[in-house]
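In what follows, a structure is listed as structure tokens, so that the remarks can point back to it.
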Amino acid sequence: MRYSAFAVCAVNAATAAGRLVNVTIDDTFGDERTGAIPKYTSAHLWNARSATDGCTTCYAQPDGSQFHHNTWHDETTFTGQIPSNMSLSFMGTSIRMYCALANKLDIKLTNRATHLAFYLDDSAVPASTFDHEPTNDPGFIYNQLVFESDNLPLGQHTVVLSNLGTLDKGSLVLFDYAVYTYVRRSVIKVTSVRKKLRGL
9 MRYSAFAVCA VNAATAAGRL VNVTIDDTFG DERTGAIPKY TSAHLWNARS
59 ATDGCTTCYA QPDGSQFHHN TWHDETTFTG QIPSNMSLSF MGTSIRMYCA
109 LANKLDIKLT NRATHLAFYL DDSAVPASTF DHEPTNDPGF IYNQLVFESD
159 NLPLGQHTVV LSNLGTLDKG SLVLFDYAVY TYVRRSVIKV TSVRKKLRGL
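Structure (structure tokens):
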């Protein structure tokens, strides 16, 4: 009796598999995967707000419980001012950004319109713009999509939100959160098995 052959049933291998996962970037607590916090830059003031902050000097008084994690950042760029910016970075293939928008309010708020431009990956040309003119509906509307970009090449990306004060009016932004799509990699290991075939 002898061994006539060896059959390899499987080989050692590691294959990479990925699945798409949505990751939230909160205005205050940042990226739930990496911990990175959005960067707020302005010649004037961004207000870090929460449902319990009790900001009595702030004109915009939305319902804080309607925001993701009950937090948001707001800022008003007045006519002729340098736009204020917010930037965030992510590793993924798509991005969506959400704000609250102001409509008719019970208090006097000079700037209730929202005029935004979005710049992707250091481009000098906006990837998109967003404009909201207040309606006669009362109060605020929440969880409003203001920017989206799909089918991005997998890699590191940066988005800049710019709050624009137009020639004839200012702009109020209430940034809440962003969601990006991340490819989560997993490794599947296949174990090598050798099986001896007996032959006569």
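Per my numbering, residue 9 is the first one in the sequence shown, and the count goes up by one each step.
Glycine residues also receive a C-beta, built at the ideal position from the N, C-alpha and C atoms.
Spatial neighbours of residue i within its chain, please: C-beta separation below 7 angstroms, excluding the five flanking residues on both sides.
i, result
"asparagine 78", "Ser58, Ala59, Gly72"
"aspartate 129", "His165, Thr166"
"serine 157", "Ser102, Ile103, Leu128, Ala135"
Mapping the DSSP letters down to three states, classify residue i as helix, strand or coil.
i, result
"glutamine 164", "strand"
"serine 50", "coil"
"glycine 72", "helix"
"alanine 21", "Its pLDDT being 35, under 50, alanine 21 is placed unreliably in this model, and the value from its coordinates should be taken loosely. Strand."
"leucine 205", "Unreliable placement is indicated for leucine 205, whose pLDDT of 46 sits below 50; no coordinate value is reported for it."
"arginine 41", "coil"
"serine 12", "Note that serine 12 has pLDDT 44, beneath the 50 cutoff, so the model's placement of it is unreliable and the number below is only indicative. Correct three-state label for serine 12: strand."
"valine 133", "coil"
"glycine 26", "strand"
"asparagine 144", "coil"
"threonine 65", "coil"
Can you tell which of the options has the C-alpha that lies nearest to the C-alpha of residue i?
i, options, result
"phenylalanine 98", "Leu162, Gly62, Thr122", "Leu162"
"alanine 121", "Gly26, Val187, Arg41, Thr174", "Thr174"
"phenylalanine 148", "Tyr67, Ser157, Arg104, Thr32", "Tyr67"
"alanine 135", "Cys107, Val167, Asp39, Asn144", "Val167"
"leucine 172", "Thr87, Gln152, Ile33", "Thr87"
"phenylalanine 138", "Cys107, Gly26, Phe37", "Cys107"
"threonine 143", "Pro70, Ala132, Val133, Lys112", "Lys112"
"aspartate 82", "Phe183, Lys177, Tyr188", "Phe183"
"tryptophan 80", "His52, Ile33, Arg41, Phe126", "Ile33"
"glutamine 152", "Phe75, Arg27, Thr84, Phe126", "Phe75"
"histidine 140", "Thr36, Asp35, Thr85, Ala110", "Ala110"
"valine 181", "Ser50, Glu40, Thr42", "Ser50"
"leucine 169", "Thr65, Arg41, Lys177, Ala132", "Ala132"
"threonine 84", "His123, Met105, Thr36", "His123"
"valine 154", "His52, Tyr185, Gly26", "Tyr185"
What are the start and end residues of the beta strand (DSSP E) that includes residue i?
i, result
"alanine 125", "122-128"
"cysteine 107", "102-110"
"histidine 81", "79-85"
"serine 136", "136-140"
"alanine 56", "55-58"
"serine 157", "148-157"
If I measure Cβ to Cβ from residue i and keep anything under 6 angstroms in the same chain, skipping five residues before and after, which residues do I get?
i, result
"valine 29", "Tyr190, Arg192"
"tyrosine 188", "Val31, Phe98, Gly100, Ile103"
With a threshold of 6 angstroms (Cβ to nearest heavy atom), would residue i be considered close to the ligand FAD?
i, result
"valine 181", "Among the ligands in the structure shown, none appear at all, so the ligand FAD cannot be discussed."
Note to self: Across the segment 34-47 and the segment 87-104, are there enough close Cβ pairs to call them in contact, namely three or more that are closer than 8 angstroms?
What the structure shows: Counting Cβ pairs under 8 angstroms, three or more are found: they touch.
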